[in-house]
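Novice: Please find one structure pasted underneath; my questions will follow.
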């Protein structure tokens, strides 16, 4: 009998696909094969359907977007460019004789030049393509700007979307110029290419065009800021573009001051292009005055001061002050802007001393100096200023008001400025507020999700309550976007600040490390992060990944609620707010009323309207009279990107009237005829429209996410062609930039840096070595950085060799991670067992018995991890830990037997004690993970697994000791009833192995590091306590030793030992008789 479909579906709903694996890793590496809302799949071609005279603007917008995508590919080529000259055989001649040629290449010199030219020509073709593209992009961008600077201005626009496209394309050009200036391998390869071309072209007949092309490429590569100079020429070739440049500057300044940019990439774009826009817009004194009338120069100075370092690429940064000063040499008229040119650049500050950390020392020194100054006379202060100190440490640690006031007067201003930037950039100074934001957000997100689940389970719920619940969910999602953006931006900006402030000297983290010369990359990464900074960074990475994972898991529940809320927001504005404005403010203003009516026509969803009959719907569409508070049912139908684009344009037209010269910014026109309340409503909805696109990207991408499939190195790598939209959750949680180091690989002239210099591994290693209970469960989060970097290498940079390097490092690091983690777990459980087996009377009799207690650590979550997602692979961490633990326990048993075999029989009590500790540690660990039984491992190490053998390794050693040492050399003391070594019998020379040395965890304790001020202190309290107990039973053999022998041998081997002893004694007696 067939089961009805309804019953089958109901039965399936009772099954749970969830397992017990904890969520201690970030979201999987996924990419979208479809484009999101901020990157329209139809290239805004549906805009023409709304008849808003935006066809020309839309066409230009699509062209700019195409150039932006192409420019990103060009930037990837430049950033990942590595010199290939080092791998080529070089022809060198001395007195006409060739030398240093390998045997395989001993051909004619001309053939070698030809082969070298063919290899280099492939690389130079990429540079030629970049040269051609930047010229085309500059001309198209300049032409697009000139369209909006015509005196008659017969076209509509630019829209806000168009302004963003201009800024993004200009940002691409700035980054390309910066990369071209920074990559030293490019001109080096070009010089070799030109040299080989000179030799090869002698055989060619017509090479004038090639030489001309080569000369143009040489000029392009050798000229700093060649792209911006070319853009400036194209801009001012026909018409002046000061108007549109000033509009872009005003838009950038307002967006930065009002936090209009929702995502941090947008904010970084504005910061990177703003100094370039200022230089281009102040090409004459008249233009400068016109600009500063619209944007006060103090506003620009404040922006540049607040962000002195801007991230550009993973290991490259930009500085607005440095850009302004360097471009002033190429734009002579800009040299008059003295206030902007006097801003300090990061490289102009002294290199950070090693003693500058911890930061609190410098800040507290200034504060103490200020407090102490009030108690000193002017004469005393003058004397203090005249004193001197030999080093930074001397005046930091010396006591007294003399040193304090010296810090105030001599270094006070410097420390104040540096400390201000430290407080701004360093995560450690914000981690407290970030922690509070994270805890508050996850509680409210969980509460909103519970209400949403409850709403879905109810039938006939109140409409207003439904709207409130879904609106609250939308607000939480927007807040999550903002938090993720702010947190990831903090990591980006801290890295940029670290790269701009390298450590002067290497500061070893361990006392046994040798202080040697360090590479530049070590100074900016390895030795530039203190222990507290690494801890704060790990914590922030965990917050970012956990919030992203939480939002990803709830995508299907959130999608409809978010779409309905967006639909409700749009319909409430166009059906109610605009209707009120049409009846009141714009009633007699036909032009503005027409614009508002167009807004309602293109975005109103009259089918959702239930407050009026069908006959009354038609008049509403034409702005007729309507009742107040139009009611409608929200539907999961969000506006398209084209609708948002048109709505923003229409609001811009209503507010500004299309006047580019309007003072006061977009919504700051005090001379506008629009009332303040209506202007505020338009402004609020205008900014919400920009948020809608990003929220739609979230729901669109998350419901169709795909796992990135990556096979082993021996197999083919399968990657579908796709475009990754940067405005998604993946962008907000992408921390792959923490691994890339292309610029420093080139400057250091090495193939790759060791893993000790890799920031992701530094974070993993810090979590393991710090033994912090709160951080331990986050130890897998830094591995998500490798996932992000692999995705960037394949999908963004599109370089296979980068992925191969990441994969090789991940394989090596994960092996070390598993080994270190297992050692930590074993040490913890071993120490916990040793602490539990200490005598209670001993602990009661001492004062500081708490020093023998072990700080609790949570390994349960890690021991349940059966699916660790790493580079597209799924790793069973639980199985790896179990296999490693079985090996460690066997090695520990082997060490204990080796240690006993190197001592006399009196050490049997110590052996039993250590085996008991090991057995209890095994028992405690077995509660969380399945490993081999202790008896099985003990029998294997004793070679006592045969059912027909009654002897064992331990029994044989005890018998050997009794036969060789105990019976000949020990005598019974009647007073103590102990066997002691006889002083009358000369000791026989016994050949025994030396006592082996092993890690402290193989005894019963461990080494505990104290990272405060990089000072190491070792606590071997548990080892000392148990060794003291063992020393009480050394030097004699008595009843405790006999009991230990009996317990260790058991009923299987003890009879064999007794029989061997009886036979030995019988032979001795018979021999004497």
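Numbering (the numbering used here), first residue to last: 43 to 1115.
No residue lacks a Cβ here, since even glycine has one placed at the ideal position from N, Cα and C.
If you're wondering where the values come from, they're calculated on a predicted model, not measured in any experiment.
1) Using the DSSP secondary-structure output, state which residues sit across from residue 1009 in a beta bridge.
2) For residue 277, which option in 723, 185 and 294 has the closest C-alpha, if you only look at C-alpha atoms?
3) For residue 424, does the count of other Cβ atoms within 10 angstroms reach 16, so buried, or fall short, so exposed?
4) When the Cβ atoms of the segment 847-854 are set against those of the segment 929-948, are three or more pairs found closer than 8 Å?
5) What residue range is occupied by the uninterrupted beta strand (DSSP E) comprising residue 916?
6) Mapping DSSP to helix, strand and coil, what is residue 1023?
7) Quick check on DSSP: helix, strand or coil for residue 1117?
8) Quick one: what's residue 359 bridged to in DSSP?
9) Spatial neighbours of residue 641 within its chain, please: CB distance less than 7 Å, with the 5 preceding and 5 following residues excluded, ordered by chain position.
10) Use the C-beta contact count for residue 74: other C-beta atoms within 10 angstroms, 16 or more gives buried, fewer gives exposed.
11) Determine contact between the segment 598-608 and the segment 675-682, defined as no fewer than three beta-carbon pairs at a distance below 8 Å.
12) From which residue to which residue does the alpha helix (DSSP H) around residue 511 run?
13) Does the beta-carbon distance from residue 120 to residue 273 come in below 9 Å?
14) Please report how far the alpha carbon of residue 106 lies from the alpha carbon of residue 151, in whole angstroms.
15) Quick test of the definition: if touching needs 3 or more C-beta pairs under 8 Å, does the segment 244-260 touch the segment 295-312?
16) Looking only at DSSP bridge pairs, what is residue 1015 linked to?
17) Note down the Cα distance separating residue 1099 from residue 1018, rounded to an integer number of angstroms.
18) Going by DSSP, what residue range makes up the beta strand (DSSP E) through residue 910?
19) Leaving out five residues before and five after residue 1009 in sequence, what residues of the same chain have Cβ atoms less than 8 Å from its Cβ?
20) Please list, in chain order, all residues of the same chain as residue 317 whose beta carbon is under 6 Å from its beta carbon, the five residues on each side excluded.
21) Tell me whether residue 674 sits in a helix, a strand or coil according to DSSP, three-state version.
22) Sorted by chain position, which residues of the same chain lie with C-beta nearer than 6 Å to residue 1055's C-beta, five sequence neighbours on each side aside?
23) Kindly list the residues whose CB is nearer than 7 Å to the CB of residue 634, restricted to its own chain and excluding five residues on each side of it in sequence; keep chain order.
24) I'd like the span of the alpha helix (DSSP H) that includes residue 101, first residue to last.
25) Would you mind giving the Cβ-Cβ distance between residue 359 and residue 541, rounded to the nearest angstrom? I have them listed as a contact below 8 Å.
26) Assuming residue 820 and residue 580 are in contact, meaning their beta carbons sit under 8 Å apart, how far apart are those beta carbons, in whole angstroms?
27) In its own chain, which residues sit with a C-beta less than 6 Å from the C-beta of residue 211, not counting the 5 before and 5 after it?
28) From residue 264 to residue 369, what does the alpha carbon distance come to, in whole angstroms?
29) Comparing C-alpha positions only, which one of 834, 1101, 470 and 200 sits nearest to residue 100?
30) Do the CB positions of residue 203 and residue 333 come within less than 9 Å of each other?
31) Between the beta-carbon of residue 864 and the beta-carbon of residue 797, is there less than 9 Å?
32) What is the C-beta distance between residue 817 and residue 577, in whole angstroms, given that I count them as a contact (C-beta under 8 Å)?
33) Decide yes or no for the touch test of the segment 522-539 against the segment 462-479: beta carbon pairs closer than 8 Å, at least 3 of them.
34) What distance in whole Å lies between the Cβ atoms of residue 823 and residue 505, which are believed to be in contact at a cut-off of 8 Å?
35) Fully enclosed by the segment 162-195, which beta strand (DSSP E) runs are 3 residues long or longer?
36) Can you tell me whether residue 1074 is buried or exposed, with buried defined as 16 or more other CB within 10 angstroms of its CB?
Specialist: On the basis of the data shown:
1) Residue 1009 pairs with nothing; no bridge assigned.
2) 185
3) In this predicted model, residue 424 has a pLDDT of only 38, less than 50, meaning its place in the structure is not dependable enough to derive any value.
4) no
5) 915-917
6) strand
7) Here the chain comprises residues numbered 43 to 1115, so residue 1117 is not present and cannot be evaluated.
8) 353
9) 616, 620, 689 and 692
10) Residue confidence for residue 74 is low, a pLDDT of 39 falling below 50, so the modelled location carries little weight and cannot support an answer.
11) yes
12) 505-542
13) no
14) 48 Å
15) no
16) 1020
17) 25 Å
18) 910-912
19) 1106
20) 362, 365 and 366
21) strand
22) Confidence in residue 1055 is poor, its pLDDT being 30 and thus under 50, which makes the residue's placement too unreliable to answer from.
23) 628 and 696
24) 97-121
25) 5 Å
26) 6 Å
27) 106, 109, 110 and 183
28) 16 Å
29) 200
30) no
31) no
32) 7 Å
33) yes
34) Contact doesn't hold; Cβ gap of about 42 Å is too wide.
35) none
36) exposed
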